[in-house]
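I have placed the structure first, in the form of structure tokens, so that the comments after it can refer back to it.
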Amino acid sequence: MLYVVKRDGRKVKFKTEKIVDAIKGAAIEGSYNLKESQIYELTELVVRKIEEEKKEALKVEEIQNLVENVLEQNGFREIGQIYSNYRKERTKVREIKSDLMKVIEQIGVETDRDNANVGNNFSSKLLRIASESNKWFNLASMPKHLAKAHENGDIYYHDLDSYNLTINCLHIPTKEVLENGFNTGYGTINRPKRIEAAAELSCILLQSTQNDMFGGQSHPNFDNDLSEFIEATRKEIRDELIEYGIEGKYLEEITEKKLRKRVSQAMQGIIYNLNTMHSRAGSQVPFSSVNIGIPNSKDAALICELFLKEYEKRSG
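Residue numbers (the numbering used here): 274 to 589.
Encoded structure:
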């Protein structure tokens, strides 16, 4: 009884059908029309070579070498080359699996933090493991010459772990989305009525889009977009002051003073939220950009000014 020693050390009974399938598969891959009789004749030659070894067990690589030799020595060199290439591809796949296992082991110890917004908690590690697995899947799915170029470092596919899952990066039309309301997938968000609510929802909007795609998201015209919610807040403050009997020249002065305080608190909330609010199953803070600096109105200039002041306080 002949045994085959697998790569993991296990011994299994030798099966002639495995040789038949290997030769037939290589012929089909190369579009060669081998007759059944030819396949069995070649298989018989391989079996004779194996018997000549006079061993109770052969390593799987030794048997594969014999298959290659028989094909090449009997006028089927091209089929032998296809079989050889197949072996190399299988070896490559095994090496990839081995590399992936090593990466997962490393992630289990500590996330590599290649992005500053990624933590080292359970969710981060789980996401990184899934990310690495999907990256190898995409490499295996693309044309071999492109995958090889990436592996050799000739070219680099950014965010390769996400191509088959969703789209990359987004400029959010913040004003339009907030004015019309939006759906996070778990519920509908209505139009905000004051600046504090608009500021909070702008963060939820970044968090929600971060969960739906890879790359970063941005508010491209943040100061002008959020300025649309200033006047309603001003009116709310003014109406409340009038109820308390404040009128005349002090009304507008106190209204603007209170408005600045509320806008400052709203901007402070944005900065806190974007640095602490988790997205992607709790593994990241939103990968976000806030673009300001070309205000089209006094209210937009107020947003711009107070956002920068609060940012300076929190980052100092």
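Backbone N, C-alpha and C define an ideal beta-carbon position, used for all residues, glycine too.
>> To the nearest angstrom, how far is the alpha carbon of residue 356 from that of residue 276?
In response: What you label residue 356 is simply residue 83 of the sequence shown in a count that begins at 1. What you label residue 276 is simply residue 3 of the sequence shown in a count that begins at 1. The straight-line gap from Cα to Cα measures roughly 22 Å.
> residue 315: beta carbon under 6 Å from a heavy atom of the ligand FAD?
Replying inline: Looking for the ligand FAD in the displayed structure turns up nothing, as the structure carries no ligands at all.
> Do you know offhand how far residue 537's Cα is from residue 378's?
Replying inline: Against the sequence shown, residue 537 aligns to sequence position 264. Against the sequence shown, residue 378 aligns to sequence position 105. One C-alpha to the other measures close to 46 Å.
> In the stretch 438 to 493, which residue ranges form an unbroken alpha helix (DSSP H) of at least 4 residues, counting only runs that do not cross its ends?
Replying inline: 447 to 453, 468 to 485
> Can you tell which of 491, 558, 321, 539 has the C-alpha that lies nearest to the C-alpha of residue 582?
Replying inline: Position 309 of the sequence shown, counted from the first residue, corresponds to residue 582. Comparing Cα-Cα distances from residue 582 to each of 491, 558, 321, 539, the minimum goes to 539.
> With residue 552 and residue 559 assumed to form a contact (beta carbons below 8 Å), what rounded beta-carbon distance in angstroms separates them?
Replying inline: Against the sequence shown, residue 552 aligns to sequence position 279. Against the sequence shown, residue 559 aligns to sequence position 286. Going by Cβ atoms, the distance from residue 552 to residue 559 rounds to 5 Å, so yes, they are a contact pair.
>> I'd like the span of the alpha helix (DSSP H) that includes residue 285, first residue to last.
In response: Taking the first residue of the sequence shown as 1, we reach residue 285 at position 12. Looking at the DSSP string, residue 285 is not in any alpha helix (DSSP H); the run it does join, the beta strand (DSSP E), is 284 to 286.
> Closest by CA to residue 398, which one among 440, 503, 557?
Replying inline: What you label residue 398 is simply residue 125 of the sequence shown in a count that begins at 1. Ranking 440, 503, 557 by Cα distance to residue 398 puts 557 first.
> What is the C-beta distance between residue 322 and residue 343, in whole angstroms, given that I count them as a contact (C-beta under 8 Å)?
Replying inline: Along the sequence shown, one-based indexing puts residue 322 at 49. Along the sequence shown, one-based indexing puts residue 343 at 70. Right, the Cβ-Cβ distance comes to about 6 Å (below 8 Å), so this counts as a contact.
>> Quick check: residue 299 and residue 352, are their CB atoms within less than 7 Å of each other?
In response: Within the sequence shown, numbered from 1, the residue matching residue 299 stands at position 26. Within the sequence shown, numbered from 1, the residue matching residue 352 stands at position 79. In this structure, residue 352 lies closer than 7 Å to residue 299 by Cβ.
> Could you give the distance in angstroms between the alpha-carbon of residue 496 and the alpha-carbon of residue 360?
Replying inline: As a position in the sequence shown, residue 496 is number 223, starting the count at 1. As a position in the sequence shown, residue 360 is number 87, starting the count at 1. Going from the Cα of residue 496 to the Cα of residue 360 covers about 60 Å.
> Do you know how far the Cα of residue 428 is from the Cα of residue 403?
Replying inline: As a position in the sequence shown, residue 403 is number 130, starting the count at 1. As a position in the sequence shown, residue 428 is number 155, starting the count at 1. Cα-Cα distance, rounded: 23 Å.
>> Just list the residues that DSSP pairs residue 330 with in beta bridges.
In response: The residue given as residue 330 occupies position 57 in the sequence shown. Answer by DSSP bridge pairing, in chain order: 276.
>> Just to check my reading of the structure: residue 478 and residue 455 have Cβ atoms closer than 8 Å, yes? What is that Cβ distance to the nearest angstrom?
In response: On the sequence shown, residue 478 is found 205 positions in, with the first residue counted as 1. On the sequence shown, residue 455 is found 182 positions in, with the first residue counted as 1. Confirmed, Cβ separation roughly 7 Å.
> Just checking my contact of residue 517 with residue 544 at CB under 8 Å: how many whole Å lie between their CB atoms?
Replying inline: Locating residue 517 in the sequence shown gives position 244, where the first residue counts as 1. Locating residue 544 in the sequence shown gives position 271, where the first residue counts as 1. The Cβ separation is near 32 Å, so there is no contact.
> Pick from 317, 464, 308, 498: whose alpha carbon is nearest that of residue 291?
Replying inline: What you label residue 291 is simply residue 18 of the sequence shown in a count that begins at 1. Ranking 317, 464, 308, 498 by Cα distance to residue 291 puts 317 first.
> Out of curiosity, what's the CA-to-CA distance linking residue 450 and residue 437?
Replying inline: Here residue 450 refers to the residue found at position 177 when the sequence shown is read from its first residue. Here residue 437 refers to the residue found at position 164 when the sequence shown is read from its first residue. Those two C-alpha atoms are separated by around 27 Å.
>> Need the endpoints of the alpha helix (DSSP H) that residue 563 sits in, please.
In response: Residue 563 sits at position 290 when you count from the first residue of the sequence shown. Careful: residue 563 lies outside any alpha helix (DSSP H), inside the beta strand (DSSP E) at 561 to 563.
> Does DSSP put residue 310 in a helix, a strand or coil?
Replying inline: To locate residue 310, count along the sequence shown from 1; it is residue 37. Three-state result, residue 310: helix.
> Hey, residue 637 and residue 278 are a contact pair by Cβ (cut 8 Å); roughly how many whole angstroms apart?
Replying inline: This structure cannot settle anything about residue 637, because the visible part of the chain is limited to 274 through 589.
>> Measuring straight from C-alpha to C-alpha, what distance separates residue 303 and residue 419?
In response: Translated into the one-based positions of the sequence shown, residue 303 becomes position 30. Translated into the one-based positions of the sequence shown, residue 419 becomes position 146. Going by the C-alpha atoms only, they are around 22 Å apart.
>> Let me check understanding here. Comparing Cα to Cα, which of 305, 472, 563 lies closest to residue 443?
In response: Walking along the sequence shown from the start, residue 443 turns up at place 170. Nearest of 305, 472, 563 to residue 443, Cα basis: 563.
>> Please report the distance separating the alpha-carbon of residue 522 from that of residue 457.
In response: In the sequence shown, residue 522 corresponds to position 249, counting from 1. In the sequence shown, residue 457 corresponds to position 184, counting from 1. Computed Cα separation, rounded: 44 Å.
> DSSP on residue 552, reduced to helix/strand/coil?
Replying inline: In the sequence shown, counting from the first residue as 1, residue 552 sits at position 279. The answer is strand: DSSP assigns residue 552 an E or B state.
> Beta-carbon separation of residue 487 and residue 425 under 7 Å?
Replying inline: Position 214 of the sequence shown, counting from 1, holds the residue named residue 487. Position 152 of the sequence shown, counting from 1, holds the residue named residue 425. No, the pair does not count as a contact, with Cβ atoms beyond the cut-off.
>> Between residue 471 and residue 499, how many whole angstroms is the CB-CB distance? I'm expecting something under 8 Å.
In response: Here residue 471 refers to the residue found at position 198 when the sequence shown is read from its first residue. Here residue 499 refers to the residue found at position 226 when the sequence shown is read from its first residue. The Cβ separation is near 6 Å, so the contact holds.
> Got a sec? Which residues, its chain only, sit under 6 Å from residue 319 by beta carbon, not counting five neighbours each side?
Replying inline: Against the sequence shown, residue 319 aligns to sequence position 46. So the list reads 292, 339, 340, 343, once near-sequence residues are dropped.
> residue 331: which of 524, 312, 287, 301 sits nearest, CA to CA?
Replying inline: Reading the sequence shown from its first residue, position 58 is the one you call residue 331. Among 524, 312, 287, 301, the Cα nearest to that of residue 331 is on 287.
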